[in-house]
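The next block holds one structure in the form of structure tokens; read it before the comments.
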Amino acid sequence: MGAPTLEPVKENVRIIFNDAVIADTTNAYRVAQSGSSAYYIPPADLKLEHLTRVSGSSHCPWKGDASYWTLSVGDKKAESVAWSYEDPKEAFLPIKGYLAFYTNRVDAFYVGEGKV
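Residue numbers 11 to 126, in my numbering, belong to the letters of the sequence shown in order.
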């Protein structure tokens, strides 16, 4: 498994959950690793009132320790749908505090005009 790469995303990134726009940004970063990608979104471009930090963490040898977040909108909830690195390793400092989401746990995830 190779080291992940980090790059800014030029396209608009949007996340929809239970008919609410949770994220809408042109300031995301993409982290690619082993054939998969995650899009990290700055907190300023998220509807943080719908997110709650939950207990538990995981460790990535390249990025550091991740914390997890649950998303709730109305009567719909997605447990541990997002994660963030609050103290990432030096190579990943640009995503400090940004949140990434499991694309298959939200209703819609767009990068540019395409659905992920």
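All C-beta atoms, glycine included, are put in the ideal place defined by N, C-alpha and C.
Considering just the uninterrupted stretch of the beta strand (DSSP E) at residue i, what are its terminal residues?
i     : result
Arg40 : Tyr39 to Gln43
Val31 : Ala30 to Thr35
Lys86 : Lys86 to Tyr95
In whole angstroms, what is the alpha-carbon distance linking residue i and residue j?
i      : j      : result
Ser44  : Gly12  : 7 Å
Leu103 : Asp55  : 18 Å
Asp88  : Thr62  : The identity of residue 88 in the sequence shown is Ala, whereas the question assumes Asp. Going from the Cα of Ala88 to the Cα of Thr62 covers about 11 Å.
Asn28  : Tyr112 : 15 Å
Trp72  : Pro14  : 7 Å
On the DSSP bridge assignment, give the partners of residue i in chain order.
i     : result
His69 : Asp75
Val19 : Bridge partners of Val19: none, in fact.
Indicate whether the contact test is met: 3 or more Cβ pairs, each with one atom in the segment 116-125 and one in the segment 23-40, closer than 8 Å.
-> Flag = yes, the segment 116-125 and the segment 23-40 touch.
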